[in-house]
Amino acid sequence: MRSVKQSAAVLGVLILCFSANGQNSENPHLVYKKKYIMGTVFEIAAYGESSQTVSSAIDRGFQEIVRMDDLMSNYKPESALSQLNRSAHFHAERVPPDLYRVIERGVQLSRLSEGKFDITVAPLVNLWKAALAGDSTPSLEQQRQAQACVGYDKIELTPPDQITLHSSCLQLDLGALGKGYAVDRAAEKLRAAGIEDAFLNAGGSTIVAMGSPPGQSAWLVRLRDPSHKVDPYVMLKNGSVSTSEQTTRSLLGRDSPGHIIDPSSGRPVETRFSVSVIAPTGSMSDGFSTTLLLLGPQQGKALVNRTRGVSAIWLSPKAQVETATNGPRILFGGTL
Amino acid sequence: MTQLRSRISPIALVNPIFLLLALSQLVSSTVYVHWSDSQLPAASSLGVTDIVFTWKQEISPLVATARRQGYSVYVETTISQAKAAAAEGAKSGWTGVILEIPESESGESKNRVAELQTAYPKLRFRLLNRGGKQPDMRGSLIVKRNSVLEVSSPTAQPWIDSNLALIKVDQRSRRAQVPLYTFSWEDQQQLRTLSPDEYSLAVAEAGAFHADLVLQLDEHLQHALNDHDAKAWALWHQVQSMLKFSVDTSDALEPAANVAVAVDHLEATDEVLNLLSRHNIPFQVFLAADLKAEELQHFDILVVFSKPDTEIGERIKDLATRGKTVVVVDAHGSYPWQNSQAVPENEHTTSYAVGSGKVLELSEAVTDPEIFAQDIRRLLGKRNSLLSLWNGLTTLAVPYRDRGGTVRLVEFVNYAADPVRVQVQVKGSFQSVRYESPERPCCESLAPVKHDGFTEFVIPELRIAGRIHLEP
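Chains as they are written, first to last, in the numbering used here: chain Y, 1 to 336; chain L, 337 to 808.
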């Protein structure tokens, strides 16, 4: 798990019916915008009857993502999450509804994966972040101390909006959920503005597709393929794709700490797999992609098989492929 | 206009061709505006003095008009047309001729330019690099013509398209002149008017990197300016504030760098150079032959992309003995440092401890420039990092030093356009940190925090361009 989802691995091509010389009702206007938020570039491409309306809807979508960042950032000391991490130890704190919902989903996912994914991994993430930036590798004692601070079962949720942390060093990390939830919220804003067909992209790591491009049945999204041989893709309509991958190994150095930490070992997870997950929502695909990377194909397939609407693919640089399908079909060899 | 004094290296002065070109550069360098519309606003309105027209073997009446309107007129042409253009220019009172010369043809072409300079001493001749790219913070989606949107970049971090690597290469390949470059806007068919931020970013880059730019104005904007369109003039006034900001660039400083990159061929398209730029690792480009020079003593890391000959091999060993870290990439063979014990770092890299330094041999070409740049940052370590940024993923920072080697100026360019709060750490102890930007005229004092040989400060709001002045 990590503070910032960095792998970004969805590749795709979307064929759009877009006339260069103006649009009519059969050829709706396409508007594309991008904005730097949450340490990455969010992009929205959307269709509508007037470019002014679409543009304004996209701006509202971005505003919503900025609002989510202000709630869930662990870099901003004034964010609701940072305040919670500072003050909710051993007593209930009231939090904004969006933050409560994300934490609730994080706890559910932590339970589903039996702690392989853990929303309280922040102490370990922070420990290894320094190593990733060039400091020395944390000692075993440091790892053990940080690991002792991890445990989703020490979070108490009191509906509708109160949270208690039952450990003095418990810290929440929403890096594996926040962007997906933010994209879902932005999609809701677009829908509220009357937009039906849009494509929202959080730095490539999470994509939400609304409707389909004009004249098409779905958005064609190519999935991350570290082998460059398998060429998987999905036809996405009203769904989401997220991809997770451990940091690439150093070319010149001996040890190469990754940014996705395994709470059970206290160390960066060692895997060459890239995992793409297709799910109904961004927050679901985002959380599942990290979880399935940590679980690996064997345990991960079992989780997918008992989760309706989810499909997943594990792909290695040597073209080893593992799939689990309980939702949209993953296709191969798409010619675009 | 940027007013940057040319920097002439001693090596350049040895060569008579460079000397002639260098003499032509003793005046200020500039952001040149390329114009193609049939009319032209007055220079005083446009706020620009240097205007460029494309030479088409005949004189446009607009060229004479431009001179009357107060512009210094340049024409842009190819080397084959240069003689005719120069003859016409000398007769018509143009200021200069801008020539596109590919690096592969530079030898013979430079001789011809030198001859032209001798024949037409009143004209300025500038060599133009057309290999620039539109500066941009990229996403993964690319809006293409013919109705295609493509998700293309497998990275969650913002991808910065910058011209810094191109300029670094030009600083080595054309040492006698301030680098001059141009680029084409990606929206070639110009379905829309470019935004003021897009123009401002282009100007900000040239100013921050201390290079000259031929700025292409899109036809819609030129036309609208001539039509006295209020929106167009409002846009241009925003760009003018960036042009004005660039005027104040300090001119007595040199780029600071502690990573040397040695190559066989000067190729700005090399992704390793782009990624070093993107990670704010200050580097300087050398040719392999340069490795024999003493100036490498000032660098902490040397990255060698050429296959070392015997002499260069000894030089590398010598540098490592004196405490430097040398990374030799994909250069299989027998070398003097291999007498030391080989320690495998991983499946690709072997390390040799040599004196107080080391040589790292990477057995293959760089397969992942992003990871390679991160590795170089790690090898530098905190102690040797000239510059570090936090919350700076969309920002490039370029340090400049005085003759004594002290960093005195740092130029910043934020490619996201939305204001960011950037925390900066610069190597050295500074009493005074002053900040200026187009929005905050010179200068606002920032509170420096000094510790352990470094100075930290926070730029509260960096929009597109900013500049920090440092006083020890």
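Note that beta-carbon positions come from the ideal geometry of N, C-alpha and C, so glycine has one too.
What residue from S167/Y, A130/Y, A279/Y, S316/Y has the CA that sits closest to T325/Y's CA?
-> It is A279/Y whose Cα lies nearest to the Cα of T325/Y.
Contacts of D606/L in chain Y (Cβ-Cβ under 8 angstroms) | Within chain Y, no C-beta atom comes less than 8 angstroms from the C-beta of D606/L; the nearest is roughly 16 angstroms away.
Mind checking the stretch 39 to 60 of chain Y against chain L and listing, in chain order, the residues whose C-beta falls within less than 7 angstroms of any C-beta there?
-> Listed by position along the chain: G39, T40, V41, E43, A45.
Using the beta-carbon count (16 or more within 10 Å), is V597/L buried or exposed?
-> Burial check for V597/L: the Cβ neighbour count within 10 Å reaches 16 or more, so the residue is buried.
Give the single residue among V367/L, I804/L, L806/L whose Cα lies nearest to the Cα of S582/L.
-> S582/L has its Cα closest to that of V367/L, out of V367/L, I804/L, L806/L.
In the structure shown, what three-state DSSP assignment does R306/Y receive?
-> The answer is coil: DSSP assigns R306/Y none of H, G, I, E or B.
Residue range of the alpha helix (DSSP H) that includes E394/L | Looking at the DSSP string, E394/L is not in any alpha helix (DSSP H), and its letter there is neither H nor E.
Proximity test, Cβ basis, 9 angstroms: R254/Y and chain L | It does; some Cβ of chain L falls within 9 angstroms.
Could you check how far apart the C-beta atoms of V539/L and L551/L are, in whole angstroms? I think they sit under 8 angstroms.
-> Yes, V539/L and L551/L are in contact; Cβ-Cβ is about 7 angstroms, under 8 angstroms.
Taking C-beta to C-beta, are R713/L and H615/L nearer than 9 angstroms?
-> A Cβ-Cβ contact shorter than 9 angstroms links R713/L with H615/L.
By DSSP, does S274/Y sit in helix, in strand, or in coil?
-> S274/Y falls in the strand class under three-state DSSP.
Would you kindly work out how many angstroms separate the C-alpha atoms of G309/Y and L81/Y, rounded to a whole number?
-> Answer to the nearest angstrom: the Cα atoms are 30 angstroms apart.
Contacts that D711/L makes with chain Y (C-beta to C-beta distance below 7 angstroms) | Near D711/L (Cβ distances below 7 angstroms), the residues of chain Y are S250, L251, L252, G253.
From the DSSP output, in three-state form, read off G106/Y for me.
-> It is helical.
Beta carbon of R719/L nearer than 9 angstroms to that of N750/L | Contact flag unset, no.
Using the beta-carbon count (16 or more within 10 Å), is L579/L buried or exposed?
-> Taking a 10 Å sphere around the C-beta of L579/L, we find 16 or more other C-beta atoms and assign the residue as buried.
Compare the C-beta of T685/L against all C-beta atoms of chain Y and say whether one is closer than 9 angstroms.
-> Cβ-Cβ to chain Y under 9 angstroms: yes for T685/L.
Chain-ordered neighbours of R508/L on chain Y, where CB pairs are closer than 9 angstroms | Per Cβ cutoff of 9 angstroms: no residues; R508/L is ~24 angstroms from chain Y at best.
So I261/Y packs on S244/Y, CB below 8 angstroms; how close in whole Å?
-> In fact, because the Cβ distance is near 12 angstroms, the residues do not count as touching under 8 angstroms.
Out of P268/Y, Y233/Y, E156/Y, point me to the one whose CA is closest to W219/Y's CA.
-> The option with the nearest alpha carbon to W219/Y is Y233/Y.
Using the rule of at least 16 other Cβ atoms within 10 Å of the residue's Cβ for burial, across every protein chain shown, is Q341/Y buried or exposed?
-> Only positions 1 to 336 of chain Y appear in this structure, which leaves residue 341/Y out of reach.
Establish whether the CB of D758/L and some CB of chain Y are separated by less than 9 angstroms.
-> As written in the sequence, residue 758/L is Val, which differs from the Asp given in the question. V758/L does not count as touching chain Y.
So what does L725/L bridge to, in DSSP terms?
-> DSSP output for L725/L lists V760/L as bridge partner(s).
Throw me the rounded Cβ distance for the V639/L and P618/L pair, which I believe falls under 8 angstroms.
-> Their Cβ separation, rounded to whole angstroms, is 13 angstroms, which puts V639/L and P618/L out of contact at 8 angstroms.
Distance, C149/Y Cα to C169/Y Cα = Looking at the two C-alpha atoms, the distance is approximately 5 angstroms.
If you drop the 5 nearest sequence neighbours on each side, which residues of the same chain put their C-beta closer than 6 angstroms to that of S408/L?
-> Only T385, D386, T431 meet the Cβ criterion.
With 9 angstroms as the threshold, decide whether the Cβ of D754/L is near any Cβ in chain Y.
-> True, the Cβ-Cβ gap to chain Y drops below 9 angstroms.
Alpha carbon of L190/Y to alpha carbon of Q83/Y, nearest angstrom | The alpha-carbon atoms of L190/Y and Q83/Y are separated by roughly 30 angstroms.
For the stretch 225 to 238 of chain Y, enumerate the residues whose C-beta is nearer than 8 angstroms to any C-beta of chain L, in chain order.
-> Per Cβ criterion, the list is empty.
Which class does Q339/L belong to by DSSP, given the choice of helix, strand or coil?
-> A caution first: Q339/L carries a pLDDT of 35, below 50, which makes its placement in the model unreliable, though a value can still be read off. In the structure shown, Q339/L falls within a coil segment according to DSSP collapsed to helix, strand and coil.
Less than 9 angstroms separating the beta-carbons of N201/Y and L477/L?
-> Going by C-beta atoms, N201/Y is nearer than 9 angstroms to L477/L.
Under 9 angstroms between beta-carbons, which chain Y residues line up against P471/L? List them in chain order, please.
-> Under the 9 angstroms cutoff, chain Y gives no residues; its nearest Cβ is about 14 angstroms from P471/L.
So what's P78/Y in DSSP terms, helix, strand or just coil?
-> In the sequence as displayed, the identity of residue 78/Y is Glu instead of Pro. In the three-state reduction of the DSSP assignment, E78/Y falls in the coil class, being assigned neither a helical nor a strand state.
Nearest-angstrom beta carbon gap, I496/L and L517/L [assumed within contact, 8 angstroms] | A small correction: the amino acid at residue 517/L is Tyr; Leu does not occupy that position in the sequence shown. Going by Cβ atoms, the distance from Y517/L to I496/L rounds to 17 angstroms, so no, they are not a contact pair.
Minimum C-alpha distance to E156/Y - residue among L140/Y, A186/Y, I119/Y | It is I119/Y.
Beta-carbon proximity check, G475/L vs F42/Y, cutoff 9 angstroms = Yes, Cβ-Cβ distance for G475/L and F42/Y is below 9 angstroms.
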